[in-house]
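The structure appears below as structure tokens.
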Amino acid sequence: MKSILLKSIFLFFAAFQIQAQELLPFVENYNKSDYQGDNQIWNVAQGKDKAMYFANNHYLLRYDGVIWEKYALPNKTIIRSILIEGDRIYSGSYKEFGYWYRENGKMRYVSITKNLRLFAEKDNEEIWKIFRFNGSLYFQSFNDVFIYDGKHIKKIKFPFLISYCFVVDKDLYVASVDKGLFKMKGSKIANPKGWDVLKNTVVHAIEKDKNKTYIFTQKKGIFIVENGGLKPWNNPLNETLKSNGINVAKFIKNNKLVIGTGNKGVFIYDFSNNTFKNIDRNNVLMNNSVLSIGFDKEEDLWLGLDNGLAHVEVNSPISFFYDNSGILGSVYSVATIDKGYLIASNHGIFEFDSGNFKMLPNTQGQGWNITKIGSKYVIGHNDGTFCYENGALAKINNVSGGWNLSKSTINDTYFQSTYSGVLVYDDASKLSQNIRINDLSKPIKYVAQNKKNEIWAADNYRGLYRVFLDDNFKTVKVENITQQSKIKNDFGVKIFEFRNEILFLINNVWYTFNSISNKLEENELFNTNFKNISDVVAIDKDHFMVLQDGILYHIYSHDNKFIWNIIQEKYYKGKLINENLRIFRSQNHYLLNLDDGFISLQLEYQNEQNKGVKVEAYNDNELLENDGKIKHNTELRINVISGIYGASKPNLFYQINKGKNYIPISNGAIVLNNLSSGSHSIVIFKHDGANYDKVSSFDFKVAQPWYFSFWMILLYLLLIGAVLFFYYKWNKLRYTQKLKLQAEELKHQREILEMELKKENELNIQEYEKHILELELQTKSSEVAGKSLSIAKQSEMIENIQSILDSEKDFNKLKSEIKKAIKINEVNKHEWEIFETNLNQIHNEFIINLSKKYPHLTPKDIKLCVYLKMNLSSKEIAPMMNISFRGVELHRYRLRKKLNLTQDENLSKFLLTL
């Protein structure tokens, strides 16, 4: 349901006749975001330097085709008018007029009225027009005229409010706001007889053309002066102008009149054929209110608008058909018919007639190609092929996708490439009859024939085929020539017929077929003259068009020489339909399809690009002269100014420092950064597609970095000298300090040596004392051992006495023997004390450790531990402790318990570890 509804809506719009535009000149619109100024453009003029100047409210605008500049008056008042004479740009504003001149790449202002008190405090005067008359400059406001002869200013005040003054031949006319038009002689004015019709209206222009004077009024239209009186211009356009208001008018070359209106844009009337074209917001103009008209050296128009400005190329050999409605869609092919155009688009097939276009019935969908055969137009369409003749449309076959239709160069046979192969039309008078080529059922984009029983077919995707046919167009053999020629990248093959020779463009390389080797060979002529070509379209036997690096060139061939004519990229940028460029020739011009319409170009068009270019270089916003020097690591902007704004603007490239690459100049500006120090050269070239011709050059130098400047080098030398000086001083000081340190070190070493000797002596003394102590210890140990032996002897003595007592019966003898044994083994008490003292000194450290670790031990326990550590047996210990052997064993048992020893642990070994 939804698709049916959409289809119905589409058919409704397609069937409805839509008002469209005829061919129009190319228009470039500039809004205030482009020039960074105010809305209104009150006046337009081109300077001697070929730059365009505009009175833009608070600013004087300057545009040289590369950059916009804006300048304000010192008093910041509104600029209403400008006049250019030589190097001076005169401007008029509120209670002020003067002139501008250019110096060092910037505009300077000089006031003429400064300190002259020409304007009273109550005056509210603005200078709306500046013109020269009888050798003097006239500055006109709404109430006064100021006449300036270069030295003095004369003021003439009018008794009424005026709009503008006009110079016609040697006469000066003054237009009042409501009292009509006056003729001025000296300081006197008079109203011409028979011109009362101009009362209560505002005259906005008076122009003379072919000995006729035209008066343009705001709301009463155009009048012509005849026999001293006025009569309305007898033209239907006059009524349209009355209702839309005339603001400004100018005659231009080629017998044309340009009229700017208040709310309908601009009208361009051609007296040669009594037709006009209207450019307004309905087609390409940005704003409908035209305030001023200016011209450049190419005689093209510059329109000052109420909001922005427009450049209209009325003298360009290129015209445009625009479809701003979107109903037409993308145009894939176009052809001229008796009263207009036949257009194939992605929306369908349209007929344009008498300013209207409508979709032909049952043609909605993708249209591909229109080819004219006699009085018939064969139209390839997604749904089949149609034939258009004398306003009637008929479908001749249902084979989908008729991409292209080409004529054989050897007879009148036509070949149509389609989605599913090739169709042959052997008889152009019977187009409903066709023959399908067998064994080639694939999408074929291009077909060509220059030899009987043989055709060339290029696949839409990849591959080139040579098809052999019999006399009835039945397939005999099909060869894949790109495979045979071992061409790997054979995508998008294009076939181009040039003077009965068939060329093949494959991956930017031109080939022709060698029938002897049965392979493709590179074509020297075309590969030499046409490099980096991505598309080619034939116009006729001597003209064709190529697409090189995104730029279209119209080529005229004469013998083996080719004349290149560039077609400026601005005319079609972003509007070309890739792989579907189609051209239709009609008499002395040809049509080229675009996304939103088509272009019409003159066949004999020759773009003789301007070779004279001006180079302006800026560094830090300051003009740089040739061979000038810039600071290191700063940006250099080089503006390459041709002074041409229209179709003959040159296509420019540059080389830097004699490099091999040609670099395109984008929007007329070269921006260089990160340049190395030293000399640099820029060479500017004009490129016509085949050759690079030098047109200008610019040399400059880049200064050394600040850290390599003369003063910095001097500073570096001073710093180095200072460093060396201080290094010398420091080295000397360090040497002195080193000597001092060496002396101190020697002294210190001597002291250390003395200390070491002293210490060594002390150590020797300590060793000596230690040795003495060791000797004493040995002595004491000997004494201890002696005492131990003495004690043992005493024990032995006691045992002897006991044995004597047991054996002797005789008392006297017994007594004598006992005394004798006691005397032999007598031990005194002093020896025992010495023994214990020596024992404690020898084992002092052991006794201290044992007491700390086991504080509950008694002195008797400690004494037993010392004996055990000395590895004495219980038998030896018993007499020394004055107890029995059994008493020693019992004491040992108790000691083990106090020391928390197990049965497996040896008491003597344990004590040795402490």
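Counting from 4, one number per residue, gives the positions in the sequence shown under the numbering used here. No residue lacks a Cβ here, since even glycine has one placed at the ideal position from N, Cα and C.
Remark: C-beta atoms of V698 and K614 approach each other more closely than 7 Å. As the crow flies, the alpha-carbon of L26 is around 20 Å from that of S651. In this structure, DSSP gives Q367 a state outside helix and strand, which the three-state scheme calls coil. Following the DSSP letters along the chain, one finds E525 in no alpha helix (DSSP H) but inside the beta strand (DSSP E) bounded by residues K522 to E525.
By the neighbour-count definition (other C-beta atoms within 10 Å, threshold 16), L119 is an exposed residue. Residues of the same chain with a CB within less than 6 Å of the CB of R65, apart from the 5 flanking positions on each side, are A54, Y56 and E72 in chain order.
Going by DSSP, R588 is part of no alpha helix (DSSP H) but of the beta strand (DSSP E) stretching over I586 to S589. Between L121 and K158 the beta-carbon gap is near 6 Å, inside 8 Å, which marks them as a contact.
Boundaries cannot be given for E572, as no beta strand (DSSP E) includes it and DSSP labels it neither H nor E. As DSSP reads the structure, N407 sits in a beta bridge with S420. Below 8 Å, too few C-beta pairs join the region 635-642 and the region 349-363 to call them touching: fewer than three. Your pair V616 and I641 does not check out as a contact, with CB atoms roughly 11 Å apart and the cut at 8 Å. A buried status is given to V269, since no fewer than 16 other beta-carbon atoms sit within 10 Å of its beta-carbon.
Contact check between the region 251-258 and the region 292-306: three or more CB pairs, one atom from each, fall below 8 Å, which counts as touching. Checking the DSSP bridge columns, you'll see S603 partnered with S322 and L594.
For K497, no alpha helix (DSSP H) segment is defined; the enclosing uninterrupted segment is the beta strand (DSSP E) at K497 to F501. Note on D462: 16 or more other CB atoms within 10 angstroms of its CB, so buried under the neighbour-count rule.
Sequence-distant Cβ neighbours of H350 in its own chain, meaning closer than 6 Å and more than five residues away, are G332. In the same chain as H859, and ignoring 5 residues on each side of it, no C-beta atom comes closer than 6 Å to its own.
Between I490 and R469, the C-beta spacing is not below 7 Å. Classified as buried, P320 has 16 or more neighbouring CB atoms from the shown chains inside 10 Å of its CB.
By the criterion of a C-beta distance shorter than 7 Å, D493 is surrounded in its chain by R465, G466, L467, T485 and I509, once the five residues flanking it on both sides are discounted.
Per DSSP, reduced to three states, the secondary structure at W513 is strand.
Distance from the CA of T421 to the CA of K497, rounded to the nearest whole angstrom, comes to 15 Å. With fewer than 16 neighbouring CB atoms inside 10 Å of its own CB, H561 falls in the exposed class.
Of the residues P162, F163, F136 and F161, the one whose Cα lies closest to the Cα of I150 is F136. Checking the DSSP bridge columns, you'll see D147 partnered with K160. Counting only runs of 4+ residues, no alpha helix (DSSP H) is found wholly inside the region 98-139. A distance of 7 Å or more separates the beta carbons of K245 and G265. Inter-residue distance for L363 and I346 is about 10 Å (C-alpha atoms, whole angstroms).
Cβ-Cβ distances below 6 Å link R585 to S336 and N596 in the same chain, with the five nearest sequence neighbours on each side left out; the list follows chain order. Straight-line measurement puts the Cα of Q551 at about 21 Å from the Cα of E607.
Using a 10 angstroms sphere on the CB of Q906, the tally of other CB atoms stays under 16, which defines it as exposed. Just so you know, the alpha carbons of N400 and S444 end up roughly 17 Å apart.
The three-state secondary structure of A252, taken from DSSP, is strand. The DSSP-derived three-state label of P882 is helix.
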